[in-house]
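*Asks:* Residue 71 in this note's numbering sits at position 70 of the sequence shown, with consecutive numbering throughout.
By construction, the Cβ of each residue, glycine as well, lies at the ideal position given by its N, Cα and C atoms.
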Amino acid sequence: MSLASQDKLLKKRVKPVDIQFQDLSYQVQVQKEKKTILKRISGTFRAGQLTAIMGPSGAGKSSLLNILTGVTKKGVSGNINFGESPTKSRKNCSYIMQDDHFHSWFTVEETMLLAAQLKISNESMNMKEKKMLIEHLLDTLKLSQAKQTRAGNLSGGQKKRLSIALELIDNPAVLFLDEPTTGLDSSASSDTIQLLQTLANEGRTIVCTIHQPSTHVFNLFNHIYVLSQGCCTYQGTPHNTIDFLRAVGLECPTYHNPADFLLECVNGEYGDHTEVLATAARQPEWRHDHTQDPQHLEGLSGEEIAKMSELQRRAEGKKLLTPSVTPPSSVSKHIYPPPEWMRLWLLIGRCHVQFFRDWTVTHLKLGVHIACAILIGLLYGNSGSNATKQIANIGSFTVHNTYLWYTTMMPGLLRFPQEISIVKKETFNNWYKLRTYYMAGLITSTPVHIMFSMTYITIAYLMTDQPFEIDRFAQFLLAAIIVTISADAFGVLLGTVLSPLNGPFVGAILTSFMLIFSGFLILLTHMSTLMRFLSYLSPIRYAFECMILALYSNNRGNIPCPMDVLYCHFKKANTILRSFGVEDGNFGMNIFIMILQLSAFRVLTYIMLKRKLGV
Ligand SMILES: Nc1ncnc2c1ncn2[C@@H]1O[C@H](COP(=O)(O)OP(=O)(O)OP(=O)(O)O)[C@@H](O)[C@H]1O
2 MSLASQDKLL KKRVKPVDIQ FQDLSYQVQV QKEKKTILKR ISGTFRAGQL
52 TAIMGPSGAG KSSLLNILTG VTKKGVSGNI NFGESPTKSR KNCSYIMQDD
102 HFHSWFTVEE TMLLAAQLKI SNESMNMKEK KMLIEHLLDT LKLSQAKQTR
152 AGNLSGGQKK RLSIALELID NPAVLFLDEP TTGLDSSASS DTIQLLQTLA
202 NEGRTIVCTI HQPSTHVFNL FNHIYVLSQG CCTYQGTPHN TIDFLRAVGL
252 ECPTYHNPAD FLLECVNGEY GDHTEVLATA ARQPEWRHDH TQDPQHLEGL
302 SGEEIAKMSE LQRRAEGKKL LTPSVTPPSS VSKHIYPPPE WMRLWLLIGR
352 CHVQFFRDWT VTHLKLGVHI ACAILIGLLY GNSGSNATKQ IANIGSFTVH
402 NTYLWYTTMM PGLLRFPQEI SIVKKETFNN WYKLRTYYMA GLITSTPVHI
452 MFSMTYITIA YLMTDQPFEI DRFAQFLLAA IIVTISADAF GVLLGTVLSP
502 LNGPFVGAIL TSFMLIFSGF LILLTHMSTL MRFLSYLSPI RYAFECMILA
552 LYSNNRGNIP CPMDVLYCHF KKANTILRSF GVEDGNFGMN IFIMILQLSA
602 FRVLTYIMLK RKLGV
């Protein structure tokens, strides 16, 4: 096949999408005033081109990228068109954020395979084809050697390439990247931009923000869009920057990196030229690469022209021979995503693997639960069957609730903020819907919490000599299980709303109050009406009441009083129920309220998560 037809074929593989924006403004509220970040900027990012958004720090680069990708919607005015239609839908776009977020427990190959399964239905591509596609992408992105490496152990450059490979699976027409070279050395930066150039050559629209590129990297871009103080101060090819700046009276010193000089000029190092540059940047002539024009060759000798043509031919050949990123199998096929239930199934699988690979949340936690249950069992001894130890026995219920609450709430609270970044990236790039992810998390974590609380409670129940009756044990266990699941829901809610720094602090304080209001440290009968009312907010209070009712209501017989003790005040179960103010308590109602509270935490978390991710 000839080079030209190869090129034609490559360009056919993605539907070209030009991005046009006009009079785009972005305002934010800073205290009582409105601050304008972007000031009626316009531009076009063409398919088949690699565009760099450049500018000094705080110029509005990330703001522009976030607006184009749809991450930022509030405070934005103006028109944005993707392709022909003035659509707000960016279905065929992918956004690669500055930080690379992956589940560190999966290898590169596993991460790619799961992404392929989540993005492409089995009808569009069977498993064999998906594996071939992954092989091809890993090969092209020079990741084959790292196939079996866990994503968490990859180098910065490899992580960036994996991020790109993951989004290339479903062959997007538009790729946005926020500072893809940050943290990479010059060779890795150059490799990354070269890769992006290859992707653009295949007909994609590639837009990225970049800080201070080297001359070599700068010249790899097809289009440069410079922002300064919210205005566009240059849009055109990298080759025209020197002429452009000369036209406004700014002469680039010989041997100076044009990219650096451009940034110095827009940064105001040679005086404030923002307005002049913004006016000059509206001229379309800078967007045309004059090095390709015939008049550019005027004045050159025949030999020089022949040499230039040869160099150009070689460059073209090299460009066409750059390995295609799009695999041949996807040429003729339209890729459809799998149904949402299939994605749910896949995400449940991912959560399970994660649970079992992360020994700190499974093996360690199980071991700690067993050890702590034994320790508490030894500490309270036969308190369940000795009338003189009933206060201690009821105290042990508070210990169980507090232990289960803390050990479940804290991991949820600390783990979830890390997870949010991954979910944000994946939901934004249409890997799955947020509700699918949320359901998968609930379906996977609930049995784990049940298993942990069952292990702990069974050991503690038997060791503290509680009544050997299946009904009472089942009720006691049910209360413990629901309080554990509530703790997880509460932890995840706090993890969603608060920062990892504030979350543990607020969580600890709220838990302390839930504990104080539970009815043991101060009896419910000793609380004022208002305080008693507040106690109804504490899930630990309901669990505590349920545990007392489970063990002391329903005609519990007398608790044995040791022979050497003359009087046992808590010999009768009714005395205990009365003393703790729960003689009229209803076990079923308490469980029902706990489930309501738990559901409220879950729904609230989902709403907060949706708001936070803007989906
Ligand atoms: N939500 C916001 N509230 C207040 N100010 C904001 C908000 N978002 C952005 N800004 C301000 O807008 C300006 C542009 O921010 P932006 O992050 O787009 O800059 P940038 O060019 O990407 O900078 P950098 O290169 O340092 O990342 C900054 O001064 C920033 O403080």
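(1) Is the CB-CB distance between Val-218 and Ser-191 below 7 Å?
(2) If you count every other CB in all the chains shown that lies within 10 Å of the CB of Arg-247, and 16 or more means buried, which is it?
(3) Based on Cα-Cα distance, which residue from Pro-505, Leu-524, Ser-600, Tyr-438 lies nearest to Ser-487?
(4) Per DSSP, what kind of secondary structure is Asn-80 in: helix, strand or coil?
(5) Note the first and the last residue of the continuous beta strand (DSSP E) segment covering Glu-34.
(6) Tell me, please, which residues DSSP counts as bridged to Met-21.
(7) Should Thr-465 and Ser-539 be called a contact, given that it needs their Cβ atoms to be closer than 7 Å?
(8) Among Arg-416, Gly-378, Ser-164, Ile-517, whose alpha-carbon lies nearest the alpha-carbon of Gly-504?
(9) Who are the Cβ neighbours of Val-498 in its own chain at under 7 Å, not counting the five residues just before and after it?
(10) Taking just the CA atoms, how far does Val-277 sit from His-240?
(11) Check each candidate in His-353, Asn-268, Thr-408, Gln-28 and name the one with the smallest Cα separation from Met-55.
(12) Roughly how many angstroms separate the alpha carbons of Leu-511 and Ile-482, rounded to a whole number?
(13) Would Thr-238 and Val-227 be called neighbours here (beta carbons separated by less than 7 Å)?
(14) What separation, rounded to the nearest whole angstrom, lies between the Cα atoms of Lys-611 and Val-77?
(15) For Ile-54, verify whether its CB is less than 6 Å away from any heavy atom of ligand 1.
(16) Hey, Asn-587 and Tyr-543: beta-carbon distance below 7 Å or not?
(17) Which residues share a DSSP beta bridge with Ser-95?
(18) Can we say the segment 528-536 touches the segment 546-554, given the rule of at least three CB pairs closer than 8 Å?
(19) Could you pull out every residue in the same chain whose Cβ sits closer than 6 Å to the Cβ of Val-175, ignoring the five residues on either side in sequence?
(20) Per DSSP, what are the beta-bridge partners of Gln-28 in this structure?
(21) Could you check the C-alpha separation between Ile-560 and Phe-469 for me, to the nearest Å?
(22) Below 7 Å between beta carbons: does that hold for Phe-453 and Met-548?
(23) Are the CB atoms of Ala-201 and Val-249 nearer to each other than 7 Å?
(24) Would you say the segment 431-448 touches the segment 340-355, given that touching needs at least three Cβ pairs under 8 Å?
(25) Where Leu-185 and Gly-157 are concerned, what is the direct C-alpha to C-alpha distance, given to the nearest angstrom?
*Replies:* Based on what the coordinates show:
(1) Within the sequence shown, the letter at position 217 stands for residue 218. Within the sequence shown, the letter at position 190 stands for residue 191. Result yes, Cβ atoms of Val-218 and Ser-191 sit closer than 7 Å.
(2) Here residue 247 refers to the residue found at position 246 of the sequence shown. With fewer than 16 Cβ atoms within 10 Å of its Cβ, Arg-247 is classed as exposed.
(3) By 1-based counting over the sequence shown, the position of residue 487 is 486. Comparing Cα positions, the closest option is Ser-600.
(4) Taking the sequence shown and counting its residues from 1, one reaches residue 80 at position 79. Asn-80: strand per DSSP, three-state reduction.
(5) On the sequence shown, residue 34 is found 33 positions in, with the first residue counted as 1. Residues 34-46.
(6) Translated into positions along the sequence shown, residue 21 becomes position 20. One point to set straight first is that residue 21 is Gln, not Met, in the sequence displayed. Bridge partners of Gln-21: Thr-45, Asn-82.
(7) Locating residue 465 in the sequence shown gives position 464, where the first residue counts as 1. Locating residue 539 in the sequence shown gives position 538, where the first residue counts as 1. No.
(8) Walking along the sequence shown from the start, residue 504 turns up at place 503. Out of Arg-416, Gly-378, Ser-164, Ile-517, Arg-416 has the C-alpha closest to the C-alpha of Gly-504.
(9) Here residue 498 corresponds to residue number 497 of the sequence shown, with the count starting at 1. Excluding residues within five positions, the ones whose Cβ falls inside 7 Å are Met-609.
(10) Mapped onto the sequence shown, residue 240 falls at position 239. Mapped onto the sequence shown, residue 277 falls at position 276. For His-240 and Val-277, the distance between alpha carbons rounds to 20 Å.
(11) Position 54 of the sequence shown holds residue 55. For the residues His-353, Asn-268, Thr-408, Gln-28, the minimum Cα distance to Met-55 belongs to Asn-268.
(12) Numbered from its first residue, the sequence shown carries residue 511 at position 510. Numbered from its first residue, the sequence shown carries residue 482 at position 481. Rounded to the nearest angstrom, the two C-alpha atoms are 20 Å apart.
(13) By one-based count along the sequence shown, residue 238 stands at place 237. By one-based count along the sequence shown, residue 227 stands at place 226. No, these two residues do not count as a Cβ contact at 7 Å.
(14) Against the sequence shown, residue 611 aligns to sequence position 610. Against the sequence shown, residue 77 aligns to sequence position 76. If I take the Cα positions, the gap works out to 20 Å.
(15) For the purposes of this step, residue 54 is taken as residue 53 along the sequence shown, with counting starting at 1. No.
(16) Within the sequence shown, numbered from 1, the residue matching residue 587 stands at position 586. Within the sequence shown, numbered from 1, the residue matching residue 543 stands at position 542. In this structure, Tyr-543 does not lie closer than 7 Å to Asn-587 by Cβ.
(17) Here residue 95 refers to the residue found at position 94 of the sequence shown. Bridge partners of Ser-95: Leu-176.
(18) no
(19) Within the sequence shown, residue 175 is the residue found at index 174, counting from 1. The residues are Val-18, Cys-94, Thr-206.
(20) Taking the sequence shown and counting its residues from 1, the one referred to as residue 28 is at position 27. According to DSSP, Gln-28 bridges with Thr-37.
(21) For the purposes of this step, residue 560 is taken as residue 559 along the sequence shown, with counting starting at 1. For the purposes of this step, residue 469 is taken as residue 468 along the sequence shown, with counting starting at 1. One C-alpha to the other measures close to 13 Å.
(22) Position 452 of the sequence shown, counting from 1, holds the residue named residue 453. Position 547 of the sequence shown, counting from 1, holds the residue named residue 548. Not closer than 7 Å, so no.
(23) On the sequence shown, position 200 is the one that residue 201 refers to. On the sequence shown, position 248 is the one that residue 249 refers to. The answer is no: Cβ separation not under 7 Å.
(24) yes
(25) If you number the sequence shown from 1, residue 185 lands on position 184. If you number the sequence shown from 1, residue 157 lands on position 156. Their Cα atoms are separated by approximately 7 Å.
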